[in-house]
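> If you scroll down you'll find the structure; I have some questions about it.
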Amino acid sequence: MQTLKSSPPSGDRGMQALTNRSKILERKPMTFLESIYLWNILKGMMITFSHIFKKQPTIHYPEQTRPFSPVFRGLHVLNRDEEGRERCTACGLCAVACPAEAITMEAAERLPGEENLYREEKYAARYEINMLRCIFCGLCEEACPKDAIYLSETFTPASFTRESFIYGKKDLLIPDPVTKPAEFAAAKGIKN
Amino acid sequence: MTTLLAIDWALFTEKLILIVIIVFASLGIALYMTYGERKVAGILQDRPGPNRAGPFGIFQPFADGLKLIMKEEIIPNTSNKALFVLGPGLAMTAALMTCAVVPWGDHLEIFGRKVALQIADINVGILYVFAVVSVGVYGIMIGGWASNNKFSLLAALRGASQAISYELAMGLSLIAVLMTTGTLQLGEIVKQQMAPGHLWNIAYQPLAFIIFLVCAFAECNRTPFDLPEAESELNQGYHQEYSSMKLGFYLFSEYINMFISSAIMSTLFFGGYDVPFLNESLLSPNVAALVGIIALMAKIVFFIFLFMWVRWTVPRFRYDQLMNLGWKKLVPLALANMLITGAVILLWFNK
Chain A
13 MQTLKSSPPS GDRGMQALTN RSKILERKPM TFLESIYLWN ILKGMMITFS HIFKKQPTIH
73 YPEQTRPFSP VFRGLHVLNR DEEGRERCTA CGLCAVACPA EAITMEAAER LPGEENLYRE
133 EKYAARYEIN MLRCIFCGLC EEACPKDAIY LSETFTPASF TRESFIYGKK DLLIPDPVTK
193 PAEFAAAKGI KN
Chain B
1028 MTTLLAIDWA LFTEKLILIV IIVFASLGIA LYMTYGERKV AGILQDRPGP NRAGPFGIFQ
1088 PFADGLKLIM KEEIIPNTSN KALFVLGPGL AMTAALMTCA VVPWGDHLEI FGRKVALQIA
1148 DINVGILYVF AVVSVGVYGI MIGGWASNNK FSLLAALRGA SQAISYELAM GLSLIAVLMT
1208 TGTLQLGEIV KQQMAPGHLW NIAYQPLAFI IFLVCAFAEC NRTPFDLPEA ESELNQGYHQ
1268 EYSSMKLGFY LFSEYINMFI SSAIMSTLFF GGYDVPFLNE SLLSPNVAAL VGIIALMAKI
1328 VFFIFLFMWV RWTVPRFRYD QLMNLGWKKL VPLALANMLI TGAVILLWFN K
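Protein chains in written order, with this note's numbering: chain A, 13 to 204; chain B, 1028 to 1378.
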């Protein structure tokens, strides 16, 4: 351990540096070798030259992607149950929970004969999330009593128009596990 | 009278073909130098550089060129329009004119005819280079002045005074070299260096080479002396008001200048198209010429890499530091070098 006394004084206020990382700036006149620049330029060039052999940290984006943590909060997914029925009952709790007011929906009543499509008696006829407003906090996911909305591990792709960032049901719904098992597996990220 | 008017048509076509090849080769090399610059910058900064257009991004320069051509051509209202257009043209012409005297190789033998790989081996070769390089300053000056913009004018003034200051030291450093070679003819200078028992001029005049190199950086407006286009203080420098291909011409002429000064440095100090430890006279002339061209190109590529390497290492000089270095260090040093060389020649090699 370094004793505090041995460390150099820093300023009039007597403030003591907590670490020994700070360097004292020396303002000595240039030595002869420094004053002809060339030697130091050569030293600098050796440093930049050594960077040719360094590993590049670049992630070549469309081909490579940065690995996300399993708890990453990305694009929303509207879930279905095992029989392929939409879980959402259009209660509106997600919209209420949303601090960015990104979610809107319109509810509709399930008609006789639609029991294979919607799990509850009420369902969301329209369900929209504005991805430009969304802050990906995940509160909708927490608020949902029906496990209907989840945040996935993908993020919103870039686009040229504002309208295309308003995601409707067709963008959000997960593929039907009964009729389209392959797409469902792909959406879940399950690898064969 | 008849002999005066007789035109050697074979020589005429031969030179014309050579001129076309060299001009287009210079343009092509400058095109790929922009790619090389970005690639070198990337690699020195631990990133890949352009790699999207084609494999390893090798079509990037064409994409850049296309972009420049497609851009809107803007001529400012308050500018001097004729001079505004003349500026980039002059910069480009001056840059391309220099390659006339560089010996690109020995000679080819086609159908029993000796074809020299040099457009004009004039006896004032190096003086011609200096003259044309000085004209290149007018491109910057006229462009900056005609833009009618404070930044452009400031940059043009800086550029002109910088070029003139460093031309002086450059010329003085060369006098020492010319004292040892005894000729201004570039072809002759290369032949002397190729002669058996004679080393490259760098061995006799290392100090002159260092001064010449530093001045070449300043003449080409390259970092650390890129004050005329100092992005952080003058926005874009003298080509601020330029757009589209006129801007492209300015950027391009800078790269051509770099290419030519690399060629001149190789020729004057590094034996031109000479391959060390190889006796070219043993090879057939065509093979020797080809080997020579490749050797010269390798030297040029090294110097171009040096230009880029320094650019991505060293920060820009301050203007007073630039003038200090030019007038108070390089000029006296070049003068001293000249004096010592003269004394040595007088005392030891006095014939």
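Glycine included, each C-beta is placed from N, C-alpha and C at the ideal position.
1. Take the Cβ of threonine 1294 of chain B as the centre, count every other Cβ of all protein chains shown within 10 Å, and call the residue buried at 16 or more, exposed below.
2. Contact check, tryptophan 1354 of chain B vs serine 1192 of chain B under 8 Å by CB: the rounded distance?
3. Closer than 6 Å by C-beta to threonine 1207 of chain B: which residues in its own chain qualify, once you throw out the five before and the five after it? Chain order, please.
4. Does any C-beta atom of chain B lie closer than 8 Å to the C-beta of threonine 205 of chain A?
5. Rounded C-beta distance between glutamate 98 of chain A and leucine 185 of chain A? I'm assuming under 8 Å.
6. Taking only runs of the alpha helix (DSSP H) that begin and end inside the region 1303-1341 of chain B, which ones reach a length of at least 4 residues, in chain order?
7. Report back the beta-carbon spacing between alanine 136 of chain A and glutamate 118 of chain A to the nearest angstrom; my notes put them in contact at under 8 Å.
8. Terminal residues of the continuous alpha helix (DSSP H) containing tyrosine 1300 of chain B?
9. Quick check on tyrosine 1269 of chain B: does DSSP put it in helix, strand or coil?
10. Go ahead and label alanine 1036 of chain B buried or exposed: buried means 16 or more other beta carbons lie within 10 angstroms of its beta carbon, across all protein chains shown.
11. Check the Cβ of threonine 70 of chain A against every Cβ in chain B and list those closer than 7 Å, keeping chain order.
12. What residue does the beta strand (DSSP E) around methionine 117 of chain A start on, and which one ends it?
13. In the region 1127-1198 of chain B, which residue ranges form an unbroken beta strand (DSSP E) of at least 3 residues, counting only runs that do not cross its ends?
14. For isoleucine 147 of chain A, would you say it is in contact with chain B, using Cβ-to-Cβ distances shorter than 8 Å as the test?
15. Say whether chain A places a C-beta atom closer than 8 Å to the C-beta of valine 1341 of chain B.
16. For the region 1154-1165 of chain B and the region 1092-1101 of chain B, state whether three or more C-beta atom pairs, one from each stretch, are separated by less than 8 Å.
17. May I ask which residues mark the beginning and end of the alpha helix (DSSP H) holding valine 1067 of chain B?
18. Classify threonine 1040 of chain B as buried or exposed, calling it buried when 16 or more other Cβ atoms lie within 10 Å of its own Cβ.
19. List, in order along the chain, the chain B residues whose C-beta lies closer than 8 Å to that of threonine 77 of chain A?
20. Tell me whether isoleucine 178 of chain A sits in a helix, a strand or coil according to DSSP, three-state version.
21. Starting from the C-beta of phenylalanine 1178 of chain B, find all residues in its chain whose C-beta is less than 6 Å away, skip the five residues before and the five after it, and write them out in chain order.
22. The beta strand (DSSP E) that contains lysine 1356 of chain B, what's its start and end?
23. Quick check on serine 19 of chain A: does DSSP put it in helix, strand or coil?
24. With respect to the alpha helix (DSSP H) encompassing asparagine 1078 of chain B, which residues constitute its N-terminal and C-terminal limits?
25. Are there 16 or more other CB atoms within 10 angstroms of the CB of proline 1077 of chain B, so buried, or fewer, so exposed?
26. Is the Cβ-Cβ distance between cysteine 1126 of chain B and isoleucine 1049 of chain B less than 8 Å?
27. Which residue from B:Asp1253, B:Leu1201, B:Asn1228, B:Leu1199 puts its Cα closest to that of serine 1188 of chain B?
28. To the nearest angstrom, how far is the alpha carbon of glutamate 165 of chain A from that of cysteine 156 of chain A?
29. Quick one: what's got a C-beta closer than 6 Å to arginine 1065 of chain B's C-beta in the same chain, skipping five residues either side?
30. Does any residue of chain A bring its CB to less than 8 Å from the CB of tryptophan 1336 of chain B?
31. Given a cut-off of 8 Å on the beta-carbon distance, is the pair alanine 160 of chain A and asparagine 91 of chain A in contact?
32. Is isoleucine 36 of chain A helix, strand or coil by DSSP?
33. Classify tyrosine 130 of chain A as buried or exposed, calling it buried when 16 or more other Cβ atoms lie within 10 Å of its own Cβ.
34. Any Cβ of chain B within less than 8 Å of the Cβ of glycine 56 of chain A?
35. I'd like to know if isoleucine 1070 of chain B contacts chain A, where contact means its C-beta is closer than 8 Å to some C-beta of that chain.
36. Counting only beta-carbon atoms, is valine 1358 of chain B nearer than 8 Å to chain A?
Reading it off the structure:
1. Burial call: buried.
2. With a Cβ gap of about 6 Å, tryptophan 1354 of chain B and serine 1192 of chain B count as contacting.
3. Apart from the 5 residues on each side of it in sequence, threonine 1207 of chain B sits with its Cβ closer than 6 Å to the Cβ of Tyr1231 in its chain, given in chain order.
4. Residue numbering for chain A in the displayed model covers 13 to 204; residue 205 of chain A lies beyond these limits and cannot be assessed.
5. About 7 Å; that satisfies the 8 Å criterion.
6. Complete alpha helix (DSSP H) runs here, min 4: 1312-1338.
7. 7 Å between Cβ atoms; contact.
8. It is not in any alpha helix (DSSP H) - tyrosine 1300 of chain B carries neither H nor E in the DSSP assignment.
9. Look at tyrosine 1269 of chain B here: in three-state DSSP terms it is coil, with no helix or strand label.
10. Going by the sequence as given, residue 1036 of chain B is tryptophan instead of alanine. Exposed, since its Cβ has fewer than 16 Cβ neighbours within 10 Å.
11. In chain order: Arg1074, Pro1075.
12. Here the beta strand (DSSP E) through methionine 117 of chain A covers 115-121.
13. The qualifying runs are 1134-1137, 1140-1143.
14. Taking CB atoms only, isoleucine 147 of chain A has no neighbour in chain B less than 8 Å away.
15. At least one chain A Cβ lies under 8 Å of valine 1341 of chain B.
16. Contact fails: fewer than three Cβ-Cβ distances are below 8 Å.
17. For valine 1067 of chain B, the enclosing alpha helix (DSSP H) stretches over residues 1036-1071.
18. Classification for threonine 1040 of chain B: exposed.
19. Ordered by position in chain B, no residue passes the 8 Å Cβ test against threonine 77 of chain A, which lies about 16 Å from the chain.
20. If DSSP states are grouped into helix, strand and coil, isoleucine 178 of chain A belongs with the strands.
21. Only Leu1261, Asn1262, Gln1267 meet the Cβ criterion.
22. Lysine 1356 of chain B -> no beta strand (DSSP E), and no H or E assigned at all.
23. Residue placement at serine 19 of chain A is flagged as unreliable, the pLDDT there being 49, under the threshold of 50; the coordinate-derived value follows with that caveat. Serine 19 of chain A: coil per DSSP, three-state reduction.
24. No residue range can be given for asparagine 1078 of chain B, since it is assigned to no alpha helix (DSSP H) and is classified by DSSP as neither H nor E.
25. Proline 1077 of chain B is classed as buried because its beta carbon has at least 16 other beta carbons within 10 Å across all chains shown.
26. Yes. Within cutoff.
27. Of B:Asp1253, B:Leu1201, B:Asn1228, B:Leu1199, the residue nearest in Cα terms is B:Asp1253.
28. Between glutamate 165 of chain A and cysteine 156 of chain A, the alpha-carbon positions lie close to 19 Å from each other.
29. Cβ contact annotation for arginine 1065 of chain B (same chain, cutoff 6 Å, sequence separation greater than five): Gly1076, Pro1077, in chain order.
30. Residue-level contact by beta carbon holds for tryptophan 1336 of chain B and chain A, with a gap shorter than 8 Å.
31. For alanine 160 of chain A and asparagine 91 of chain A, yes; Cβs fall inside 8 Å.
32. Coil at isoleucine 36 of chain A, not helix or strand.
33. Buried, since its Cβ has 16 or more Cβ neighbours within 10 Å.
34. Yes, because at least one Cβ of chain B sits closer than 8 Å to the Cβ of glycine 56 of chain A.
35. Cβ-Cβ to chain A under 8 Å: yes for isoleucine 1070 of chain B.
36. Not closer than 8 Å to any Cβ of chain A, the Cβ of valine 1358 of chain B fails to qualify, so no.
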